[in-house]
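Heads up, our numbering is the position in the sequence shown plus 2, with the first residue counted as 1.
The C-beta atom is built at its ideal place from N, Cα and C for all residues, glycine as well.
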Amino acid sequence: MKVGICGLGTVGSGTFNLISKNNSEIERRLGSKVHIAQVGCRREHPDCNLSNVDVSYDIFDVVRNPDIDIVIEVIGGLDVARSLVLEAIRNGKHVVTANKALIAEYGQEIMDAAAEKGVQIKFEAAIAGGIPIVKTITEGLAANRLEWIVGIINGTSNYILSKMSDVGCDLSFIDVLKDAQKLGYAEADPTFDVEGVDAAHKLTILASIAFGIPFSFDAVYTEGISQINASDIGYARELGYVIKHLGIARVQDDNVEIRVHPCLVAADHMLAQVKGVMNAVMVGGDASGSTMYYGAGAGSSPTASAVVSDVLDIMRASEGKTAGNLGFDNGRLVPKKIVSIEKVVGSAYLRLIVSDQPGVMARISTILSQHEISIESLIQKNTRDDYADVVIVTNAVFEESLDLAIKKLSSMEDVRGDVTRIRVAEFF
Ligand code: HSE
């Protein structure tokens, strides 16, 4: 199948580059590569090498190109995007879009047009960027009666609230917003972020796919974060809470609540740990119980990950395949070496019971340094008359170096019993 990309901004350029970078891996998974037949954009993107692709400066050329089967709409905005997508559908093309406003506001019209033409509309990238929440709800949780969704689904608002909550941060709301804009997370019109409109678009779509209700953007209660000030954040902290901007959709008998507003969240709740521009969505199902999904909610490459996964779904479906009936990667398994534990690199917590004598620490450090292990932190506690607990956190080293060092430490006269080793979790 041939693909046309409309728009070469943050998401479009990420999509183009992701396909170029991972096409061999995609071929291994699907049995065929993604073929980009045309890119439509107002201007080229400095990060994209377009030398081998047909480029048109009129995006409508892409939806009129008879060679193209799948149109990727990543121009954003409402009116032009709507015309573009409807024309693509009229011309029999499947559509992948990252445009939450378009789906939240014109979703029904678009779905109806697509049903009439027998083409697919996919919008994984419209909500929470790199978190595959649409697939999670429509596939992974498909056996459930879904009861509620609660999410941090606007990265810009979460970034601003997180910064304002940092103890000692004296940045103003406007300064923090400017930071988020510089990082490329905010919408073209950042009032959409801080007044809750962006989150309301996303929640509209989530509620629709979770509860099987029409897209109800106009009915979503929407409040942003612009009224939250430092004293609210301080008082909330004193009470054991943090302030988060949440999207909440909940079934109540035959009704459904759909609302977007700031909320006090208990400081030890998992959502309270979601900081900066990260997003998280919790979904409650009657069988699954409460589940939670976390990841980057915006940005070029995470959003591209969602866009391209939709393209791959359409390609699979066109061949009557699904991720499921392909089994593992279409049977194309490539053996990889399993790294033995000695070759794993990581830091470790070591606890030694040592005799309380002069020079013991020096002897321990000498052994560690002989194996090129350095000490990141160290605690000593005199737990008994003659013995002390020494706790060391090392830097990241090969396990085999640590094995040798532990062996030597254990055989020291000053060390009593075995050395306790617990690995430190660090790369995720
Ligand atoms: N402006 C959005 C956000 C971008 O801050 O989350 C991703 O939809």
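- For residue 310, there is no enclosing beta strand (DSSP E); the enclosing alpha helix (DSSP H) covers residues 302 to 320.
- Here residue 123 carries a strand assignment [DSSP, helix/strand/coil].
- Sequence-distant partners of residue 261 (beyond 5 residues in either direction) whose C-beta falls short of 6 Å from its own C-beta, in its chain, are 223, 250.
- DSSP, read as helix, strand or coil, puts residue 18 in helix.
- Around the C-beta of residue 206, 16 or more other C-beta atoms lie within 10 Å, and the residue is accordingly described as buried.
- Taking the CA atoms as reference points, residue 200 sits about 26 Å from residue 144.
- When DSSP states are grouped into helix, strand and coil, residue 34 belongs to the coil group.
- In the three-state reduction of the DSSP assignment, residue 414 falls in the coil class, being assigned neither a helical nor a strand state.
- For residue 160, the secondary structure class from DSSP, reduced to helix, strand or coil, is helix.
- Pairwise C-beta distances place the stretch 59 to 71 out of contact with the stretch 21 to 35, as fewer than three of them are shorter than 8 Å.
- Going by DSSP, residue 237 is part of no beta strand (DSSP E) but of the alpha helix (DSSP H) stretching over 232 to 240.
- Proximity of the beta carbon of residue 99 to the ligand HSE is not indicated: no heavy atom of the ligand is located closer than 6 Å.
- Under DSSP, the beta-bridge partners assigned to residue 252 are 150, 259.
- Counting only residues of its own chain and dropping the five nearest sequence neighbours on each side, residue 289 has a CB closer than 7 Å to the CB of 145, 146.
- Placement of the Cβ of residue 256 at a distance of 6 Å or more from every heavy atom of the ligand HSE is found.
- The criterion of a C-beta distance shorter than 7 Å is satisfied by residue 343 and residue 401.
- A distance of 7 Å or more separates the beta carbons of residue 295 and residue 394.
- For residue 95, the three-state secondary structure derived from DSSP is coil.
- With 16 or more other CB atoms across the displayed protein chains lying within 10 angstroms of its CB, residue 163 is buried.
- The three-state reading of DSSP puts residue 368 in helix, counting H, G and I together.
- Looking at the backbone, the Cα of residue 211 and that of residue 319 are separated by about 20 Å.
- In terms of side-chain proximity, the C-beta atom of residue 296 is found no nearer than 6 Å to any non-hydrogen atom of the ligand HSE.
- In the DSSP assignment, residue 66 falls within the unbroken alpha helix (DSSP H) covering 62 to 66.
- The DSSP-derived three-state label of residue 400 is strand.
- Remark: C-beta atoms of residue 42 and residue 63 approach each other more closely than 7 Å.
- In the same chain as residue 228, and ignoring 5 residues on each side of it, the C-beta atoms closer than 6 Å to its own belong to 196, in chain order.
- When distances are taken from the beta-carbon of residue 189 to the heavy atoms of the ligand HSE, the shortest one is below 6 Å.
- Fully contained in the stretch 169 to 208 is no beta strand (DSSP E) run of length 3 or more.
- Set against 6 Å, the gap from the CB of residue 158 to the closest heavy atom of the ligand HSE is smaller.
- Per DSSP, the unbroken beta strand (DSSP E) holding residue 281 starts and ends at 280 to 287.
- Non-local C-beta neighbours of residue 203 in its own chain, meaning closer than 7 Å and more than five positions away in sequence, comprise 102, 103, 106, 219, ordered along the chain.
- Look at residue 300: its beta carbon is less than 6 Å from one of the heavy atoms in the ligand HSE.
- Taking C-beta separations shorter than 8 Å and ignoring five residues to either side along the sequence, the partners of residue 182 in its chain run 157, 158, 161, 162, 188, 192, 195, 279, following chain order.
- The straight-line gap separating the alpha-carbon atoms of residue 274 and residue 378 is approximately 28 Å.
- For the ligand HSE, no non-hydrogen atom lies closer than 6 Å to the CB of residue 312.
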